[in-house]
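Residue numbering for the sequence shown follows this note's numbering, starting at 23 and increasing by one per position.
Just so you know, even glycine gets a beta-carbon here, dropped at the ideal spot from N, CA and C.
Input: a single structure, listed below in structure tokens.
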Amino acid sequence: MTGGPEAISQTTRLGSEIRVTCERLVHRGLGLAHLEGQVVFLFGALPGEEVSATVTETHRRHLFATVTEVAKPSPDRVTPRCPYFGECGGCQLQHASYPLQLRSKWEILIDALSRRGIPWSGPPDILESRDQWHYRWRGEFHFARDEPGLGFTRRGAYSVLGIASCPIHHPAINSVLAPLGAALRGGPGQAKTVHLTVGQGGEEVLVQSRPDRAPGHRLVEAHRGPLPPRLTDESTALEYRGRGFRVFPDSFIQVNQGSVDLLYETVVDWLAGDLTGARLVDAYGGSGWLSLRLAEAGARVTVIEESPMSARLSQLHSEMHMPGALEVLCGEVEKLLPTVPTPDIVVVDPPRSGLAPQVSGWLAMAGPKLLVYLSCEVSALARDLEALCRIGPYHLERIRIVDMFPQTYHFETVSLLFRE
23 MTGGPEAISQ TTRLGSEIRV TCERLVHRGL GLAHLEGQVV FLFGALPGEE VSATVTETHR
83 RHLFATVTEV AKPSPDRVTP RCPYFGECGG CQLQHASYPL QLRSKWEILI DALSRRGIPW
143 SGPPDILESR DQWHYRWRGE FHFARDEPGL GFTRRGAYSV LGIASCPIHH PAINSVLAPL
203 GAALRGGPGQ AKTVHLTVGQ GGEEVLVQSR PDRAPGHRLV EAHRGPLPPR LTDESTALEY
263 RGRGFRVFPD SFIQVNQGSV DLLYETVVDW LAGDLTGARL VDAYGGSGWL SLRLAEAGAR
323 VTVIEESPMS ARLSQLHSEM HMPGALEVLC GEVEKLLPTV PTPDIVVVDP PRSGLAPQVS
383 GWLAMAGPKL LVYLSCEVSA LARDLEALCR IGPYHLERIR IVDMFPQTYH FETVSLLFRE
């Protein structure tokens, strides 16, 4: 390759065919390879595989390509279960065995920490999902003009791919996709997406169309029937450890309901010896699922939640199951956390973007002895742990992956931090 790193080789132009060996999997489920001084990110390749691929995107020092032929397959390669895999943008790892998915997620986590100056040499700590398929109890489906009427955004594009069913979504969701899509396609209204949540033990589906909710209401009215799944556009219920929780379309839930206890019980187990009588703040506390569990284990819990709907539900759930157990504050965590009397323990479960700088700053300056950080985005977690551990006063004591999203590159982590 001539002309310096900015030059593009004739063999790596857009649309050209390349031959490379995949070295490992990286973030977003892509294979990593090198060719003529450039980094190649491959969709559809597994570590050790020799593949041919078509270049789909070029940059100065890296390019993206899609595998067209596998000359030397990995023993971890499996046949994708979904006929839409590769065209649909929802899953990235259906071609990889589940053990490989887990190993790669751990390697990606450790690499992200290392890049932020947080070395971790402990053995892999991974809890696998109880269900590798049909685990999603909630999904958002986009309106598709072609049959069957609802689907997902295509991989690498903005258009919508209509699908008949999705193997990572709950069967109750799949059973209503076709009739809802047909009704939406043939009826009035301006619905662009349909938000579906399974409730009541899998016998009910909560429906909300967006941005116009009227089509969703009409869908529910037109498809009411005596047999499950029942449709509703109001609310539904889910259960965790024997407690019923009300769920609305806009209230947060963990979509992998079959494994939610693996995530939350990790927090309880790791804090078990310190919870009795402890003043604990559950920041980004949602509807109170974990908050009540921590209160049950002996903590005095203050919930901070920005969403008025979720904050009201947190208070309601407390009154239903443990009256007086929770103090609920509604507002932004960055504004309310500094106003709470200094807690003994803080649990944070922020959105995908991670902690606001004000939150990580307050924790570093005035935070508690114990901090538990739940994260669903590894890059945001690594950034925040750099501020809290490498620059700040905390030490990363434990870290665990709870794989709540099989077949995709996403995963949850739980981190336990001690203030030094």
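Contacts around residue i, its chain only, beta-carbon distance under 8 Å, and the 5 residues preceding and following it disregarded
i: Leu358; result: Ile326 and Leu351
i: Asn278; result: Ser151, Asp153, Tyr157, Arg158, Trp159, Met426 and Phe427
i: Ala386; result: Ala409, Leu410, Ile413, Gly414, Pro415 and Tyr416
i: Met331; result: Phe270, Asp272 and Ser273
i: Thr298; result: Ala319, Gly320 and Ala321
i: Ser336; result: Gly307, Gly308, Ser309, Gly310, Ser313, Val325, Glu327, Leu348 and Val350
i: Gly25; result: Low per-residue confidence applies at Gly25: pLDDT is 41, beneath 50, and the placement is therefore not dependable enough to give any value.
i: Arg125; result: Pro146
i: Ala388; result: Pro360 and Thr364
Delimiting residues of the alpha helix (DSSP H) encompassing residue i
i: Ser126; result: Tyr120 to Arg137
i: Arg240; result: Ala236 to Ala244
i: Val355; result: Val355 to Leu358
i: Leu68; result: Run containing Leu68: none; DSSP gives neither H nor E here.
i: Gly383; result: Pro379 to Ala388
i: Leu115; result: Leu115 -> no alpha helix (DSSP H), and no H or E assigned at all.
i: Leu404; result: Looking at the sequence itself, residue 404 is Ala, so the reference to Leu does not match. It spans Val400 to Leu407 - the alpha helix (DSSP H) in which Ala404 sits, taken as one unbroken run.
Other residues of its chain near residue i: CB distance less than 6 Å, five sequence neighbours each side excluded
i: Leu396; result: Asp371 and Val436
i: Val73; result: Ala67, Val89 and Val92
i: Ser38; result: Val77
i: Val42; result: Ala55, Leu57 and Val62
i: Ala378; result: Glu356
i: Arg50; result: Tyr431
i: Arg456; result: With the chain covering 23 to 442 only, the question about residue 456 has no answer from this structure.
i: Leu36; result: Val77 and Thr80
i: Ala300; result: Ala321, Asp366 and Ile367
i: Tyr262; result: Trp311
i: Ala404; result: Ala134, Leu135 and Arg138
i: Phe440; result: His417 and Glu419
i: Gln429; result: Cys113, Leu115, Gln116 and Ile190
i: Glu354; result: Glu328
i: Ala204; result: Gly171
i: Leu407; result: Ile140
Nearest to residue i (by Cα), restricted to the options the options
i: Ala134; options: Leu47, Trp311, Leu393 and Val362; result: Leu47
i: Leu199; options: Pro121, Arg207 and Ala186; result: Ala186
i: Gly59; options: Arg232, Pro365 and Arg83; result: Arg83
i: Leu253; options: Ala244, Arg334 and Glu261; result: Ala244
i: Arg268; options: Ser375, Gly223, Ala87 and Glu356; result: Gly223
i: Leu260; options: Ala236, Arg35, Val368 and Glu226; result: Glu226
i: Leu206; options: Leu438, Gly173, Ala347 and Tyr180; result: Gly173
i: Thr324; options: Gln123, Gly184, Val303 and Gln276; result: Val303
i: Gly280; options: Trp155, Arg420 and Gly139; result: Trp155
i: Ala213; options: His192, Gln276, Gly221 and His239; result: His239
i: Pro345; options: Gly310, Asp366 and Glu442; result: Gly310
i: Val369; options: Leu392, Gln380 and Glu354; result: Leu392
i: Tyr180; options: Gly111, Ala204 and Lys127; result: Gly111
i: Phe107; options: Val220, Arg177 and Lys127; result: Arg177
i: Ser257; options: Glu287, Val220 and Thr364; result: Val220
i: Ile132; options: Trp142, Gln123, Leu64 and Leu124; result: Trp142
i: Cys104; options: Ala118, Phe165, Ser375 and Ser96; result: Ala118
i: Phe163; options: Lys94, Leu202 and Asp406; result: Leu202
Segment limits, beta strand (DSSP E) that includes residue i
i: Arg334; result: It is not in any beta strand (DSSP E) - Arg334 instead sits in the alpha helix (DSSP H) that spans Pro330 to His343.
i: Glu169; result: From DSSP, Glu169 is part of no beta strand (DSSP E); its letter is neither H nor E.
i: Ala75; result: Glu72 to Thr80
i: Gln60; result: Gln60 to Phe65
i: His226; result: The residue asked about is misnamed: residue 226 is Glu in this sequence, not His. Note, Glu226: beta strand (DSSP E), Glu226 to Arg232.
i: Val182; result: Val182 to Gly184
i: Thr258; result: Thr258 to Tyr262
i: Glu434; result: Glu434 to Arg441
i: Val370; result: Ile367 to Val370
i: Lys94; result: His84 to Lys94
i: Val48; result: Arg46 to Val48
i: Cys188; result: Looking at the DSSP string, Cys188 is not in any beta strand (DSSP E), and its letter there is neither H nor E.
i: Thr219; result: Thr215 to Gly221
Cβ-Cβ separation, residue j to residue i (assumed contact under 8 Å), whole Å
i: Ile40; j: Ala67; result: Contact flag wrong, Cβ pair sits at about 11 Å.
i: Ile423; j: Asp98; result: In fact, because the Cβ distance is near 18 Å, the residues do not count as touching under 8 Å.
i: Val290; j: Arg265; result: With 8 Å as the limit, Val290 and Arg265 do not qualify as a contact, their Cβ atoms being about 14 Å apart.
i: Leu293; j: Val394; result: 7 Å
i: Leu149; j: Leu52; result: About 24 Å; that fails the 8 Å criterion.
Interface flag, residue i vs chain B, CB-CB below 9 Å
i: Arg50; result: The chain labelled as chain B is not found in the depicted structure, where only one protein chain is given.
Beta-carbon contacts of residue i that lie in its chain and below 7 Å, excluding the five residues immediately before and after
i: Val242; result: Val229, Leu253, Thr254 and Asp255
i: Asn196; result: Ser187 and Cys188
i: Thr34; result: Ile40, Leu57, Glu58, Gln60, Val77, Thr80 and Leu85
i: His339; result: Phe267, Ser309, Gly310 and Leu314
i: Pro27; result: Only weak support is given to the placement of Pro27: the predicted model assigns it a pLDDT of 43, under 50, and the value that follows is read from those uncertain coordinates. Once the five neighbours on either side are set aside, the close Cβ partners of Pro27 are Gly59, Arg82 and Arg83.
i: Ala317; result: Val323, Met344, Ala347 and Leu348
What are the complete beta strand (DSSP E) segments, minimum 3 residues, inside the segment 296–333?
-> Unbroken beta strand (DSSP E) stretches of 3 residues or longer found wholly inside the segment 296–333: 301–305 and 322–327, given in chain order.
What are the uninterrupted segments assigned as alpha helix (DSSP H) that are 4 or more residues long and contained completely in the segment 269–293, given in chain order?
-> List check, alpha helix (DSSP H) in window: 282–293.
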